[in-house]
Amino acid sequence: MKGKTGLAIVLVLVSCFVVFLVFRQSERSRFRMENDSGITETTETTETGRELTILTPDASVKEFQDFVEQAEKKLGIKIHLKATAQDAESREAQISNLLTSGNQDIDLIAINDEMASEFIPKGYLEPLGDDVLPEDIRSSFPESYFQKVCTYNGTVYSAPYMLDIMMLWVNQEFLEEAGVSDLGSKDRYDHFLEYDYGRNRYAYGSAWEQSYAYNDLFQTVNLFGGNYLDWDDENSRAAVQYLKELLENGQTPEDQMLDQYDQMEQKFIDGRYGCVYMYSGAMNIFLNSGKYSGKGIHVSNIPSFYEKRTIIATWQLAINHSSVRKEAAKAFIRYITSDEGAEYYSNCVHRAPARLDILRKGRLDIPDIEAIRSYVNTYELLPRYLTDNPMSGIKSMGTLFQKYIAGDITMDSFCAGAQNIVDERKS
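So in this note's numbering, spot 81 of the sequence shown is number 673, and the numbers just go up one at a time.
Structure representation (structure tokens):
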């Protein structure tokens, strides 16, 4: 009798141990295992949506990390951040390699217009339906921009979250030296550019390095009422001639053909330039320099040549088509584009949200928010034109522009070459 009782006890204990092992394995499948060196094990669960990895250039930015921490609490998702390269070409190559390899470790990718133009037509990104971006959210983005950049063949593939507006920035000291109150009219703008500010000081500064000149060229074509897709247009031709004359007249320096935005911004901060065209995202850079004020660097109205319009760009989120955590990725997009999420993101990073309704009426902690709102309410916001091989097209246009500016080719040669570049139409 005792032997049978002992055997029964052993069987009960074995059964309990088996149940414990099954329970423990179940728990391990639900939670990430970490030690002091970081993540050492992640066991895939039947519910793959409990964590998420985002590839972004802002991975190490504390303000963005603060936003992500809030999103984790709201969504109940553990979010990992992985950094992209900071320079545009390396970043594009990094993401291209990731997408073409079928990598499943990255779920969400922060992309700019250039990457959207390249990757969306190739089928690497997951479509975003009404369950992610309902119509009321879609309609809050700049309309022509959203249709041309984020949408392909009627399907949405990316969700804008941060807006950059091309703005005119001016140094107040230069304005006072030239004796003009602002640059809002063509006459005042021309007088400002023609004034002699002395040695090594220039009315106009820019970034004409071959991969950056495109932005200034596109903006100037807009200023003149031209059409970047039509280089037979008289206003388009007048715009590029105007930039060449700035160099010939000593109103802008030749060495800026080596400069990207970082160098241009620093020269502007140092007082070398009277005005520059630069995206609104530079607001924090100018503010942190200590030079942003009504008596120093500040935003100006764009001069009224023909039409009131300016170019815009955004950073967007797109879902890696190979991701196995698409539902978590969709949840994050829904949050960052929601009323609460868009406003909270903007206030964390002090940058303009992509949703115009939030930008216009939200309680936003952004430096000189009224200047940004004035641009949104005053100017037509236009997307840039990009081919489906954007980096190649941008650099080709920049190289061609440099040759024309330097006097190596004629206006007709430039326009013929520019037309060939833009005719590589985005399908």
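In this text, a Cβ means the ideal position worked out from N, Cα and C, and glycines have one as well.
Are the Cβ atoms of T902 and N814 separated by less than 8 Å? The residue labelled residue 902 in the question sits at position 310 within the sequence shown. The residue labelled residue 814 in the question sits at position 222 within the sequence shown. Yes, the pair counts as a contact, with Cβ atoms nearer than the cut-off.
Give the C-beta separation of P982 and S709 to the nearest angstrom, bearing in mind that I take them to be a contact with Cβ-Cβ under 8 Å. If you number the sequence shown from 1, residue 982 lands on position 390. If you number the sequence shown from 1, residue 709 lands on position 117. So it is a contact: roughly 5 Å between Cβ atoms.
Quick one: is N841 buried, meaning 16 or more other Cβ sit within 10 Å of its Cβ, or exposed? Here residue 841 refers to the residue found at position 249 of the sequence shown. Exposed is the call here.
Helix, strand or coil: how does DSSP classify Q802 here? As a working note, residue 802 is residue 210 in the sequence shown. Three-state result, Q802: coil.
With DSSP collapsed to three states, give me the class of P713. The sequence position of residue 713 within the sequence shown is 121, counting from 1. In this structure, P713 counts as helix in the three-state DSSP scheme.
What's the C-alpha gap between E935 and N1012? Here residue 935 corresponds to residue number 343 of the sequence shown, with the count starting at 1. Here residue 1012 corresponds to residue number 420 of the sequence shown, with the count starting at 1. If I take the Cα positions, the gap works out to 42 Å.
For G873, count neighbouring C-beta atoms within 10 Å of its own C-beta (all shown protein chains included) and say buried if the count is 16 or more, exposed if not. As a position in the sequence shown, residue 873 is number 281, starting the count at 1. So G873 ends up on the buried side.
Could you give the first and the last residue of the continuous beta strand (DSSP E) run that contains P884? As a working note, residue 884 is residue 292 in the sequence shown. A small fix is needed here, since residue 884 is Tyr in this sequence, not Pro. From DSSP, Y884 is part of no beta strand (DSSP E); its letter is neither H nor E.
Taking the C-alpha atoms as reference points, what is the distance between Y857 and Y884? Stepping through the sequence shown from its first residue, residue 857 is reached at position 265. Stepping through the sequence shown from its first residue, residue 884 is reached at position 292. The sequence shown places Glu at residue 857, rather than the Tyr named in the question. The alpha-carbon atoms of E857 and Y884 are separated by roughly 12 Å.
Closer than 6 Å by C-beta to A799: which residues in its own chain qualify, once you throw out the five before and the five after it? Chain order, please. The residue labelled residue 799 in the question sits at position 207 within the sequence shown. Excluding residues within five positions, the ones whose Cβ falls inside 6 Å are D851, Q852, Y853 and M856.
Leaving out five residues before and five after V762 in sequence, what residues of the same chain have Cβ atoms less than 7 Å from its Cβ? By 1-based counting over the sequence shown, the position of residue 762 is 170. So the list reads L775, G866, C867, H890 and S892, once near-sequence residues are dropped.
Could you tell me whether the region 657-675 touches the region 929-944, where touching means 3 or more Cβ pairs closer than 8 Å? yes
Is it buried or exposed, S828, if we count other Cβ atoms within 10 angstroms and call 16 or more buried? Along the sequence shown, read from residue 1 onward, the residue named residue 828 stands at position 236. When all chains shown are included, S828 counts as buried.
Expressed to the nearest angstrom, what Euclidean distance is found between the alpha-carbon atoms of P649 and K714? Counting from 1 along the sequence shown, the entry for residue 649 is found at position 57. Counting from 1 along the sequence shown, the entry for residue 714 is found at position 122. Cα to Cα, P649 sits roughly 22 Å from K714.
Where G999 falls, given that 16 or more other Cβ within 10 Å makes a residue buried: Position 407 of the sequence shown, counted from the start, is the residue given in the question as residue 999. Exposed: under 16 other Cβ atoms inside 10 Å.
Can you name the start and end residues of the alpha helix (DSSP H) that E765 belongs to? By one-based count along the sequence shown, residue 765 stands at place 173. It spans Q764 to A770 - the alpha helix (DSSP H) in which E765 sits, taken as one unbroken run.
E681 classed as buried or exposed, judged by whether at least 16 other C-beta atoms fall within 10 angstroms: Looking up residue 681 in the sequence shown gives position 89. That one is exposed.
By how many angstroms is the C-alpha of G668 removed from the C-alpha of L603? Within the sequence shown, numbered from 1, the residue matching residue 603 stands at position 11. Within the sequence shown, numbered from 1, the residue matching residue 668 stands at position 76. Because L603 sits at a pLDDT of 46, beneath the cut-off of 50, its placement in the model cannot be relied upon, and the following sentence gives the value as read from the coordinates. Approximately 41 Å, taken between the alpha carbons.
Specify, as a first and last residue, the run of the beta strand (DSSP E) that M870 falls within. By one-based count along the sequence shown, residue 870 stands at place 278. Start and end: Y865 to Y871.
Which whole-angstrom value describes the C-beta separation of L839 and I961, a residue pair presumed to lie in contact below a C-beta threshold of 8 Å? Within the sequence shown, numbered from 1, the residue matching residue 839 stands at position 247. Within the sequence shown, numbered from 1, the residue matching residue 961 stands at position 369. With a Cβ gap of about 35 Å, L839 and I961 do not count as contacting.
Under 8 Å between C-beta atoms of I703 and Q908: As a first step, residue 703 must be located in the sequence shown, where it is residue number 111. As a first step, residue 908 must be located in the sequence shown, where it is residue number 316. It is a contact, given that the beta carbons lie within the stated cut-off.
Tell me the rounded alpha-carbon separation between K654 and R780. Taking the first residue of the sequence shown as 1, we reach residue 654 at position 62. Taking the first residue of the sequence shown as 1, we reach residue 780 at position 188. Those two C-alpha atoms are separated by around 42 Å.
Out of curiosity, what's the CA-to-CA distance linking D862 and E727? The count along the sequence shown starts at 1 and reaches residue 862 at position 270. The count along the sequence shown starts at 1 and reaches residue 727 at position 135. Going from the Cα of D862 to the Cα of E727 covers about 46 Å.
Going straight from the alpha carbon of K674 to that of A651, what length do you get? Locating residue 674 in the sequence shown gives position 82, where the first residue counts as 1. Locating residue 651 in the sequence shown gives position 59, where the first residue counts as 1. C-alpha separation (whole angstroms): 6 Å.
Among the residues of its own chain, which have a CB less than 8 Å from the CB of D808, if the five just before and after it don't count? The sequence position of residue 808 within the sequence shown is 216, counting from 1. The answer, listed in chain order, is S798, A799, W800, L835 and Y869.
Which residue comes first and which comes last in the alpha helix (DSSP H) that contains V660? For the purposes of this step, residue 660 is identified with residue 68 of the sequence shown, where counting begins at 1. That run of the alpha helix (DSSP H) goes K654 to L667.
Go ahead and pull the three-state DSSP assignment for S618. The count along the sequence shown starts at 1 and reaches residue 618 at position 26. For S618, the pLDDT reaches just 41, beneath the cut-off of 50, and the residue's location in the model is therefore unreliable, although a value from the coordinates is still provided. The answer is helix: DSSP assigns S618 an H, G or I state.
Should the region 917-926 be called in touch with the region 730-740, which here means at least 3 C-beta pairs below 8 Å? no
In the DSSP assignment, what residue or residues form a beta bridge with V891? Walking along the sequence shown from the start, residue 891 turns up at place 299. W761.
Element boundaries [alpha helix (DSSP H), containing Y796]: The sequence position of residue 796 within the sequence shown is 204, counting from 1. It is not in any alpha helix (DSSP H) - Y796 instead sits in the beta strand (DSSP E) that spans Y794 to G797.
How would you write the range of the beta strand (DSSP E) that K674 sits in, first residue to last? Walking along the sequence shown from the start, residue 674 turns up at place 82. Per DSSP, K674 belongs to the beta strand (DSSP E) from K670 to A675.
Span of the beta strand (DSSP E), counted from its first residue to its last, around N901: Within the sequence shown, the letter at position 309 stands for residue 901. A quick correction: the sequence has Arg, not Asn, at residue 901. Residues R901 to I911.
Between S896, A770 and K778, which has its C-alpha nearest Y787's C-alpha? Against the sequence shown, residue 787 aligns to sequence position 195. When only C-alpha atoms are compared, the closest one is A770.
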